[in-house]
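S.K.: Going down the list, the sequences are from chains A and B. Heads up, the first sequence is in the UniProt record's numbering, so the first residue is 1 and it goes up one at a time. Heads up, the second sequence is in the UniProt record's numbering, so the first residue is 1 and it goes up one at a time. Idealized CB from N, CA, C, for every residue including glycine.
Protein chains: 2
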Amino acid sequence: MLAVFGHQNPDTDAITAALVYARLLGRQGIDAQAYRLGEPNFETAFVLREAGVDAPPLLETLPAGAQVVLVDHNESAQSLPNLHELTVTRVVDHHKLGDLTTTQPAYLRFEPVGSTGTLLLKLFREAGLSVEPLDARLLLSAILSDTLHFRSPTTTAEDRDAVAFLAPVAGITDVEAYALAMFAAKSDLGDTPAETLLRMDYKVFPFGEPTAPHQWGLGVIETTNPGYVFGRQSELLAAMDNLKAEDGLSGVLLSVVDILNETNRTLVLSATEEKVLREAFGVETQGHVADLGARISRKKQVVPVLETYFTPQG
Amino acid sequence: MLAVFGHQNPDTDAITAALVYARLLGRQGIDAQAYRLGEPNFETAFVLREAGVDAPPLLETLPAGAQVVLVDHNESAQSLPNLHELTVTRVVDHHKLGDLTTTQPAYLRFEPVGSTGTLLLKLFREAGLSVEPLDARLLLSAILSDTLHFRSPTTTAEDRDAVAFLAPVAGITDVEAYALAMFAAKSDLGDTPAETLLRMDYKVFPFGEPTAPHQWGLGVIETTNPGYVFGRQSELLAAMDNLKAEDGLSGVLLSVVDILNETNRTLVLSATEEKVLREAFGVETQGHVADLGARISRKKQVVPVLETYFTPQG
Numbered sequence: 001m002l003a004v005f006g007h008q009n010p011d012t013d014a015i016t017a018a019l020v021y022a023r024l025l026g027r028q029g030i031d032a033q034a035y036r037l038g039e040p041n042f043e044t045a046f047v048l049r050e051a052g053v054d055a056p057p058l059l060e061t062l063p064a065g066a067q068v069v070l071v072d073h074n075e076s077a078q079s080l081p082n083l084h085e086l087t088v089t090r091v092v093d094h095h096k097l098g099d100l101t102t103t104q105p106a107y108l109r110f111e112p113v114g115s116t117g118t119l120l121l122k123l124f125r126e127a128g129l130s131v132e133p134l135d136a137r138l139l140l141s142a143i144l145s146d147t148l149h150f151r152s153p154t155t156t157a158e159d160r161d162a163v164a165f166l167a168p169v170a171g172i173t174d175v176e177a178y179a180l181a182m183f184a185a186k187s188d189l190g191d192t193p194a195e196t197l198l199r200m201d202y203k204v205f206p207f208g209e210p211t212a213p214h215q216w217g218l219g220v221i222e223t224t225n226p227g228y229v230f231g232r233q234s235e236l237l238a239a240m241d242n243l244k245a246e247d248g249l250s251g252v253l254l255s256v257v258d259i260l261n262e263t264n265r266t267l268v269l270s271a272t273e274e275k276v277l278r279e280a281f282g283v284e285t286q287g288h289v290a291d292l293g294a295r296i297s298r299k300k301q302v303v304p305v306l307e308t309y310f311t312p313q314g
Numbered sequence: 001m002l003a004v005f006g007h008q009n010p011d012t013d014a015i016t017a018a019l020v021y022a023r024l025l026g027r028q029g030i031d032a033q034a035y036r037l038g039e040p041n042f043e044t045a046f047v048l049r050e051a052g053v054d055a056p057p058l059l060e061t062l063p064a065g066a067q068v069v070l071v072d073h074n075e076s077a078q079s080l081p082n083l084h085e086l087t088v089t090r091v092v093d094h095h096k097l098g099d100l101t102t103t104q105p106a107y108l109r110f111e112p113v114g115s116t117g118t119l120l121l122k123l124f125r126e127a128g129l130s131v132e133p134l135d136a137r138l139l140l141s142a143i144l145s146d147t148l149h150f151r152s153p154t155t156t157a158e159d160r161d162a163v164a165f166l167a168p169v170a171g172i173t174d175v176e177a178y179a180l181a182m183f184a185a186k187s188d189l190g191d192t193p194a195e196t197l198l199r200m201d202y203k204v205f206p207f208g209e210p211t212a213p214h215q216w217g218l219g220v221i222e223t224t225n226p227g228y229v230f231g232r233q234s235e236l237l238a239a240m241d242n243l244k245a246e247d248g249l250s251g252v253l254l255s256v257v258d259i260l261n262e263t264n265r266t267l268v269l270s271a272t273e274e275k276v277l278r279e280a281f282g283v284e285t286q287g288h289v290a291d292l293g294a295r296i297s298r299k300k301q302v303v304p305v306l307e308t309y310f311t312p313q314g
């Protein structure tokens, strides 16, 4: 049986892609089970509740040689800890290709679209399979989540077309209202511990030389209520400091993305990160906050800049 | 403009995939130019002559940052020497995923089918584009070449279906006769220098630890006339010895695949390679020749065995 899972610190795309792709593989006669590598965030919990489905079971480890399917990620730092011992038979992803390798020819499907959901809809169509209302709702939610309802610069025409197709199938008549409800659920952070907030949408990227990379931890909080987050700034900086020390990171940043105003103000831990932000982005940090302007996509507007900054030019 | 090319020491799949994918991208409004990274072999020359098209131009270098499309390969050791400086925007391949990375999200399409041609036919269909007779002939030739007209264990049902679809479009009524003519052209090696024979279908694979790999050079001669090749055994062994020294390889093998009888007798240079063949495949070498039986696919039956042999089990 194939184990299908998205990245650690899962977001709505990671969880729903695992659920939907496992169902699609099942309809193609391939035995597959969806898993998650962490707790669903508040937005994802809302999406699953509205859809009337349970979150997939938590996966913590698999024996060497187990056959796995990766969705919405491909880098080992974001996957199961022993990924290099597992047999990757399929990948469906929309991120840059990192350190993934396979020991046999495999099915790999990467496209630079806004959401894994958009790519999964293509797979339904290519397989000649109808999209059931549940799948449509989950895919739609993933696309709205990853593109911030088309606000993110990662948005493509295919993402818009997919939502236009999926909404009536899912029975969602007011897509904007549904998206706002998703974002409100995501922003209702209550008394979530600062460490949990930091790790909610958090990924480690190895920049520069593959043999001796600079490991940077990049967290994002997408919210309709950034004031709430900055009200907890000192707690969050303390959590970032701990995380940096515990995981031996070269740098750590926490971007607070104001979904409705499409701005990114980033929490900056120390002079090390300040220097990199100044040299890589040309922005100054004041009181631990750097204004990254409209750079609201980590994938498209933050990671490539840091990758270029840390990569020696040959 | 995108530069589209297959692997070094190109075979029919590598050359035709570059030609056809560049044409397909052009029909999708994407400016693309096909190239080759080496001389067409005798089979490919026959295919191009029969199709009435020229080989794509030779590509030796590209400036850093140039946008490239890889077909029928993905490992840097088989590509342009400065691949790590180039921007890979698309890959269409049917091999295992090696050391490829991308700096941005890209189009990657890998499937475990017998030929890149089979995958390219899918791309035509998914794009809703008809396949022109020239493209059909080139794709058909690639599939027949890579699967040895369905004799190779890499053959899938999709390869057979693709040939059944393409033959009438290409105007080829007797597929078996066409395949035999291709294989006869490939086997008509004449007075080709031994070094050229060795490098005709030759790839270097890094086995084991990525930071300190065992570099093995694996050549294949697919022929309907193995007697001719073994008649030149001493010349070929001398060429293998030179290649091993010049390129600092850990091992070098030359598999002589009898297409019609579906057997692989492999030329073995030294005691180093003998030991690995004994321990990895359980076969003995006699007079520099190891009988690898029906293992006629380097990709599926030789490379994975060596990869497993050299990979420390975690």
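Any beta carbon of chain A sitting closer than 8 Å to that of Ala14/B?
M.R.: no
S.K.: Chain A beta carbons: is any one of them nearer than 8 Å to that of Glu126/B?
M.R.: yes
S.K.: Okay, do the region 109 to 126 of chain B and the region 209 to 229 of chain B touch, 3+ Cβ pairs below 8 Å being the bar?
M.R.: no
S.K.: Is it the case that the Cβ atoms of Leu236/A and Leu197/A are separated by a distance below 8 Å?
M.R.: yes
S.K.: Any idea which residues DSSP pairs Val252/B with across the strands?
M.R.: Gly217/B
S.K.: What is the residue span of the alpha helix (DSSP H) that Pro304/A lies within?
M.R.: 303 to 310
S.K.: Between the alpha carbons of Val91/A and Thr308/B, how many angstroms are there, rounded?
M.R.: 22 Å
S.K.: On the DSSP bridge assignment, give the partners of Glu222/B in chain order.
M.R.: Val257/B
S.K.: Under 9 Å, CB to CB, which of the residues in the region 86 to 108 of chain B have a partner in chain A?
M.R.: Result list: Val88, Thr89, Val91, Asp93, His94, His95, Lys96, Leu97, Gly98, Asp99, Leu100, Thr101, Thr102, Thr103, Gln104, Pro105, Ala106, Tyr107, Leu108.
S.K.: Take Ala290/A and list the residues in its own chain whose beta-carbon comes closer than 6 Å to its own, dropping the five residues that flank it on each side.
M.R.: Thr266, Val268, Leu277, Val283
S.K.: Once the 5 residues before and after Ala136/B are set aside, which same chain residues still bring their CB inside 6 Å of it?
M.R.: Around Ala136/B: Leu166, Val169, Ala170.
S.K.: By Cβ distance below 7 Å, which residues in the same chain neighbour Phe281/B in space, the five residues on each side in sequence not counted?
M.R.: Leu292, Val305
S.K.: Would you say residue 317/A faces chain B, with C-beta separation under 8 Å as the test?
M.R.: Because chain A is modelled from 1 through 314, residue 317/A falls outside the range shown and cannot be assessed.
S.K.: Taking Cβ positions only, does Glu111/A come closer than 8 Å to chain B?
M.R.: yes
S.K.: Go through its chain and collect everything with a Cβ distance to Arg109/A's Cβ below 6 Å, but skip five positions before and after it.
M.R.: Counting only Cβ-Cβ distances below 6 Å, and skipping sequence neighbours, we find Val92.
S.K.: Return the residue from the list Asn242/A, Ala245/A, Leu139/A, Leu189/A that minimises the CA-CA distance to Val20/A.
M.R.: Leu139/A
S.K.: Could you tell me the boundaries of the beta strand (DSSP E) in which Asn264/B lies?
M.R.: 263 to 268
S.K.: Is DSSP giving Thr192/A helix, strand or coil here?
M.R.: coil
S.K.: Going by other Cβ atoms of all chains shown within 10 Å of its Cβ, with 16 needed for buried, is Ser297/A buried or exposed?
M.R.: buried
S.K.: Would you grab the beta carbon distance between Val69/A and Leu120/A for me? Rounded to a whole angstrom, and I think it's under 8 Å.
M.R.: No, Val69/A and Leu120/A are not in contact; Cβ-Cβ is about 12 Å, not under 8 Å.
S.K.: Using alpha carbons as the reference points, say which of His73/B, Asn41/B, Leu148/B lies closest to Glu176/B.
M.R.: Leu148/B
S.K.: What would DSSP say about Ala3/B, mapped onto helix, strand or coil?
M.R.: Per DSSP, reduced to three states, the secondary structure at Ala3/B is strand.
S.K.: Pull up the distance between the alpha-carbon of Ala32/A and that of Arg23/A, whole angstroms please.
M.R.: 8 Å
S.K.: Could you please give the first and the last residue of the uninterrupted beta strand (DSSP E) stretch that includes Leu108/A?
M.R.: 107 to 110
S.K.: Here's a check: name, in chain order, each residue in its chain whose Cβ is nearer than 7 Å to the Cβ of Ile143/A, leaving out the five neighbours to either side.
M.R.: Gly114, Ser115, Gly117, Thr118, Asp159, Ala162, Val163
S.K.: Measuring only between beta-carbons, confirm whether Arg295/A sits less than 8 Å from chain B.
M.R.: no
S.K.: Compare the Cα-Cα distances from Pro193/A to each of Glu209/A, Lys186/A, Ala239/A and report the closest residue.
M.R.: Ala239/A
S.K.: Measuring CB to CB, does Ala18/A end up less than 8 Å from Arg36/A?
M.R.: yes
S.K.: So Val71/B and Val4/B are supposed to be a Cβ contact under 8 Å. How far apart are they, rounded?
M.R.: 6 Å
S.K.: Please state the DSSP three-state secondary structure of Val47/B.
M.R.: helix
S.K.: Runs of 4 residues minimum, wholly inside the region 114 to 165 of chain A: which ones carry the alpha helix (DSSP H) assignment?
M.R.: 116 to 126, 133 to 146
S.K.: Take Tyr107/B as the anchor and find which of Leu25/B, Gly52/B, Asp54/B, Pro63/B has the nearest alpha-carbon.
M.R.: Among Leu25/B, Gly52/B, Asp54/B, Pro63/B, the Cα nearest to that of Tyr107/B belongs to Leu25/B.
S.K.: Taking the alpha-carbon positions, what's the Thr211/B to Gln8/B distance?
M.R.: 23 Å
S.K.: Rounded to whole angstroms, what is the Cα-Cα separation between Ser141/B and Ala45/B?
M.R.: 11 Å
S.K.: Ignore the nearest five residues each way along the sequence and tell me which others in Arg295/B's own chain have a CB closer than 7 Å to its CB.
M.R.: Excluding residues within five positions, the ones whose Cβ falls inside 7 Å are Asn264, Gln301, Val302.
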